[in-house]
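Numbering (this note's numbering), first residue to last: 306 to 770.
C-beta atoms are modelled at their ideal positions from N, C-alpha and C, and glycine is treated no differently.
Report on one structure; see the data block that follows.
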């Protein structure tokens, strides 16, 4: 980068094809994005903006694709990251929870939680993900927040809560709500990492806890998230215990609404779909997790209908042993493929729809559409530069097709979050990744040992020496 003192603190990202994701979805060929502080102050012609900001620092993006930062609306930061690809994929339903997740979470130290979050944040940033919604931390949300902040990734954090008798880590409703209040106080709105009300969901919360959590989110002006209906077990449990399907029960309690982001919502019936749309409740759609875990999205999923009917839908990558990689472009490609194949309709949903879910529609779904999700004046300067010298991105074509069908996070060259360079030339600039890898390997061995778990290998591991 080259600059003078005439426009100090101003950065021009020059010459790329700027995918604005504004209301018109303008793509400015050979355009420029201007950043001052943590905000975008101009988007437009390179020649015009060079003249308007003489001597500003310039970053050459010629031949590249410049996009808004990608949004991941459901990501586990703790539990799985240190044992990624250790949990077998040939397990009976529920076994991954009780044989793996519960003992791993029970043995996670505060240092493990921070390291897990840091690992996921680095992987996310390298894939162009600048904002993520954390799925919930059992014990140390502050340390998870510290892991995000160390890398510089924008996100939300929360501490899981449930109060069903006999469930691991359960507590009375008021204790759970007090924990939520502590997170919101420690991480108020407007920061890089914000607190959200976060329940584990499923059928593990009393009506008292559900109503109290929703009231807290509305009063605090923050989001609320929880899991529901990734498989048929949640509807079956609700019908058995409460006489109604999950979202019908939530509607009776008055907890649906714009404050609420439901993770998964795969197994919805017609009435539940209508309730989601009418209440403007948001849904985080994690397609890789459902295929990886065999949860039946091709049988029951209604996400295409939600998207087509204007529902608040975002993409998520889920856990390290479910979605596996926090690469939202991979999720976008799969979402588009499923939307075309499940109804056998090659004309109803395309790459441009999927990229909207990864950017502006995802931002709107998590309540951040006024701040992120597009490259527009006044928004936070979350910017990703894709290297078009990568074979999949040359020669140039339609940018939506290139990004969704022909690319993934491996083509990310540079990432700015709030104007701060977090990735440059494909390398994370904020943490020492080599040191992090070494520390994570040691932490993995210690965590598995404490948990009493021996990670199996599908094929024999034979020493080569």
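Local conformation of residue i per DSSP, three classes
i, result
"residue 307", "Here residue 307 scores only 41 on pLDDT, less than 50, and its place in the model should not be relied on; the value that follows carries that caveat. Strand, per DSSP."
"residue 600", "coil"
"residue 330", "coil"
"residue 590", "strand"
"residue 692", "coil"
"residue 434", "strand"
"residue 709", "helix"
"residue 477", "coil"
"residue 730", "coil"
"residue 389", "coil"
"residue 704", "helix"
"residue 544", "helix"
Between the CA atoms of residue j and residue i - distance to the nearest angstrom
i, j, result
"residue 411", "residue 716", "37 Å"
"residue 309", "residue 493", "Caution applies to residue 309, whose pLDDT of 40 falls short of 50 and renders its modelled position unreliable; the model cannot decide the point."
"residue 360", "residue 354", "11 Å"
"residue 307", "residue 362", "Annotation note: pLDDT 41 at residue 307 (below 50); position unreliable, no value reported."
"residue 375", "residue 770", "44 Å"
"residue 343", "residue 755", "43 Å"
"residue 462", "residue 627", "20 Å"
"residue 714", "residue 764", "29 Å"
"residue 597", "residue 394", "7 Å"
"residue 633", "residue 439", "14 Å"
"residue 553", "residue 319", "51 Å"
Residue i, enclosing beta strand (DSSP E) - first and last residue
i, result
"residue 569", "565-569"
"residue 719", "717-722"
"residue 459", "459-462"
One or two residues paired with residue i in a DSSP bridge
i, result
"residue 336", "321, 350"
"residue 503", "530"
"residue 560", "Paired residue(s): none; residue 560 is not in a bridge."
"residue 442", "464"
"residue 300", "Here the chain covers residues 306 to 770 and nothing more, so residue 300 does not appear."
"residue 619", "589"
"residue 370", "322, 691"
"residue 315", "341"
Residue range of the unbroken alpha helix (DSSP H) whose run includes residue i
i, result
"residue 644", "633-646"
"residue 379", "Taken as a continuous stretch (DSSP letters only), residue 379 belongs to no alpha helix (DSSP H), being part of the beta strand (DSSP E) at 375-380."
"residue 517", "512-525"
"residue 363", "Where residue 363 is concerned, there is no enclosing alpha helix (DSSP H), although the beta strand (DSSP E) it sits in stretches over 362-365."
"residue 759", "Residue 759 -> no alpha helix (DSSP H), and no H or E assigned at all."
"residue 663", "656-663"
"residue 805", "The chain is shown from 306 up to 770; residue 805 falls before or after that span and cannot be answered."
"residue 573", "First-last for residue 573: undefined, no H or E at that position."
"residue 609", "608-613"
Subject >> Meets three-Cβ-pair contact criterion under 8 Å: the region 338-353 and the region 638-648 >> reply: no
Original post:
Would you call the region 425-433 and the region 393-413 in contact, with 3 or more CB pairs under 8 Å?
Top reply: no
Original post:
Are the region 615-630 and the region 688-703 touching by the rule of at least three beta carbon pairs closer than 8 Å?
Top reply: no
Subject >> Given 8 Å, three or more beta-carbon pairs between the region 464-483 and the region 512-522 >> reply: yes
Original post:
Using 8 Å as the Cβ pair cut-off and three pairs as the minimum, do the region 643-658 and the region 601-619 touch?
Top reply: Verdict: yes, contact present.
**OP:** Mind the definition here: the region 452-461 touches the region 490-504 only if three or more C-beta pairs lie below 8 Å; say whether that holds.
**Re:** yes
Subject >> Stretch pair the region 468-486 + the region 450-459: three plus CB contacts closer than 8 Å >> reply: no
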